[in-house]
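Numbering (the working numbering), first residue to last: 205 to 603.
Here a beta-carbon is modelled for each residue, glycine too, at the ideal position from N, C-alpha and C.
From a predicted model like this one, the values you see are computed outputs, not experimental measurements.
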Amino acid sequence: MAEPDPGSGARQAPEAGRSDFGEEPAAAAGAPVPAPDRIPWRGLDGGVYPRLLGPLADDPGVGALLDHCELGSRGRPGIAQSLVGQAPRAGEALGRLVGREQPAGLRSAEFVAGVIRVLPLLPAEEAVPLLVRLAAQESGLTAESMPSARAAIRALASVPGELVPPALHRLASESPLAALRKAAYAELKRRLRTLSDAPEWTVDTFGLDGDSRLRMAVGPDHVAVVRVELGGRVKVGYHESRGRASAGGRALAGKPTASTVDQDTLRDVTELAAKLRAAVRAARTRLESAQKERREIPTADWIEHYITHPVTGTLAKTLLWETRDGDADDGAGWRMGLPRQVEGRWGLVTENTERILLGDGDVLRVAAPMRLPAARARAWERLLAKAKVEPALKQIQRG
205 MAEPDPGSGA RQAPEAGRSD FGEEPAAAAG APVPAPDRIP WRGLDGGVYP
255 RLLGPLADDP GVGALLDHCE LGSRGRPGIA QSLVGQAPRA GEALGRLVGR
305 EQPAGLRSAE FVAGVIRVLP LLPAEEAVPL LVRLAAQESG LTAESMPSAR
355 AAIRALASVP GELVPPALHR LASESPLAAL RKAAYAELKR RLRTLSDAPE
405 WTVDTFGLDG DSRLRMAVGP DHVAVVRVEL GGRVKVGYHE SRGRASAGGR
455 ALAGKPTAST VDQDTLRDVT ELAAKLRAAV RAARTRLESA QKERREIPTA
505 DWIEHYITHP VTGTLAKTLL WETRDGDADD GAGWRMGLPR QVEGRWGLVT
555 ENTERILLGD GDVLRVAAPM RLPAARARAW ERLLAKAKVE PALKQIQRG
């Protein structure tokens with residue numbers, strides 16, 4: 205396939221015996237058939253791409269790079285890397301294209317695929333946010349194309365550096381589309397050395413304390429308390445900060461209406477609650493993935509990133525977990541329990557209230573759904589009822 209001149213933004217004149225788009229004619233048996241509807245990138249979607257680029261459309265380096273994208277060149281990373289190197293404003297230009305809001309036309313599919321293929325050649329700090337936007341279908345280039353969004357996820361996974369695992373992790377847990385969550389998680393598994401390295405440490409704490417609460421003064425006389433309850437429900441309460449001797453003051457039935465209340469802070473409280481609800485949903489998805497994948501988590505990571513985390517912990521502490529034990533009675537090598545403080549350290553308690561101490565070398569995993577004999581199932585139900593928790597995921601069923 206003929207390649208554009210790296211020093212020119214305009215397409216070269218077609219060579220003898222070639223189509224205007226660098227494709228061999230189909231005269232010889234087995235030769236590729238030229239695409240009859242191929243349109244240069246400047247003419248795609250009614251000429252929207254040059255308009256998006258503005259003056260950058262006339263930049264020779266940018267033009268040559270986008271010619272390469274439009275030609276649909278595959279398996280030529282050396283040429284693409286050279287073109288990126290000769291276009292100092294490549295990141296800015298590609299960012300303008302990715303930022304478009306309207307869905308790309310059908311004839312733009314190959315051009316969009318080319319753009320996705322060259323994005324990983326940018327510096328990671330430029331490539332990662334653009335590919336995340338494409339993978340999340342927040343760009344018009346991928347808004348109505350699942351194949352393009354999946355291609356963006358694969359391209360994201362190919363970017364070197366430590367910025368990628370957290371980005372894939374967010375897509376795997378927060379994307380509203382199951383197909384994209386699955387694709388992102390598959391790439392995350394390939395990227396990480398072990399599943400226990402999954403970047404749970406990137407989950408924001410939102411300033412919540414060890415009881416999953418945050419107090420915010422909304423004026424001189426009132427305070428808001430935002431909390432995530434065991435099970436993941438987010439609640440917001442308002443109190444008077446003066447008057448009664450109790451720590452929170454008199455509880456209010458709704459938002460305070462006094463003239464001294466800071467309305468901007470009230471909006472911040474509402475925004476925080478919305479973010480926490482989204483974070484709880486993401487945490488639930490991560491735990492579902494851990495359950496399905498039978499992910500083994502070292503004790504220290506389990507305590508820090510699951511049990512004591514002020515968001516994830518509100519769900520993780522409601523679940524039954526298993527830890528490997530070669531002396532287990534059931535012969536399966538795993539024992540199951542509910543997270544509880546055991547001798548000043550987090551461990552597990554069985555349905556018979558037996559305590560399981562965890563060592564630094566132990567691993568844990570979320571117990572998979574299981575059918576148990578009625579007597580044993582009732583014992584677990586009694587334990588959960590006594591602890592006043594309902595598992596955030598399906599686990600115990602009566603056989």
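Between the alpha carbons of T464 and G423 lies a gap of roughly 6 Å.
Within the segment 549-589, the complete beta strand (DSSP E) segments at least 3 residues long are 549-553, 567-570 and 574-576, listed from N- to C-terminus. Burial check for T409: the Cβ neighbour count within 10 Å stays below 16, so the residue is exposed. Non-local beta-carbon contacts of G517 in its own chain, meaning distances under 8 Å to residues more than five positions away in sequence, involve S416, Y510 and I511 in chain order. When rounded, the separation of the alpha-carbon atoms in P254 and E475 is 38 Å. Beta-bridge annotation (DSSP): G541 is paired with W525.
For K439, the uninterrupted beta strand (DSSP E) run begins and ends at V438 to E444, by DSSP.
Around the beta carbon of K521, 16 or more other beta carbons sit within 10 angstroms, so the residue counts as buried. In terms of Cα proximity to R559, the closest of F315, A268, D263 and V546 is V546.
Look at L275 here: in three-state DSSP terms it is coil, with no helix or strand label.
Its chain contains H443, E444, S445 and G447 as the residues whose beta carbon lies nearer than 6 Å to that of G453, once the 5 sequence neighbours on both sides are disregarded; these appear in chain order. As a beta-bridge residue in DSSP terms, M420 pairs with A428.
In the three-state reduction of the DSSP assignment, I507 falls in the helix class. In the displayed model, I501 falls within a strand according to three-state DSSP. In the three-state reduction of the DSSP assignment, V546 falls in the strand class. Secondary structure of Q601 (DSSP, three-state): strand.
If you compare the alpha carbons of L256, A294 and G251 with that of H272, the shortest gap goes to A294. Here L542 is actually not in contact with A596; their C-beta atoms are around 12 Å apart, not less than 8 Å.
DSSP links A455 through a beta bridge to H443. A straight line joining the alpha-carbon of D564 with that of L491 spans about 21 Å.
Assignment of H373 by DSSP, reduced to helix, strand and coil, places it in the helix class.
V570 and A353 have their C-alpha atoms roughly 30 Å apart. When the beta-carbon positions are compared, V368 and V332 come within less than 8 Å of each other. Closest by C-alpha distance to G251, out of V288, Q290, V322 and L301, is L301. In this structure, the CA atom of E526 is about 27 Å from the CA atom of A382. Counted as a single uninterrupted DSSP element, the alpha helix (DSSP H) harbouring P333 occupies residues A328 to A339. A check of alpha carbon separations from V429 across L375, D413 and G435 identifies D413 as the nearest. In this structure D249 is buried. Its beta-carbon is surrounded by 16 or more other beta-carbon atoms within 10 angstroms. Taking 8 Å as the cut-off, the beta carbon of V322 is found no closer than this to the beta carbon of V266. In this structure T489 touches R385 by the C-beta definition: roughly 7 Å separates them, less than 8 Å.
Annotation: A261 is outside any alpha helix (DSSP H) and is labelled neither H nor E by DSSP.
Here S312 has L248 and D249 as same chain residues with Cβ atoms under 6 Å from its own Cβ, once five neighbours each way along the sequence are excluded.
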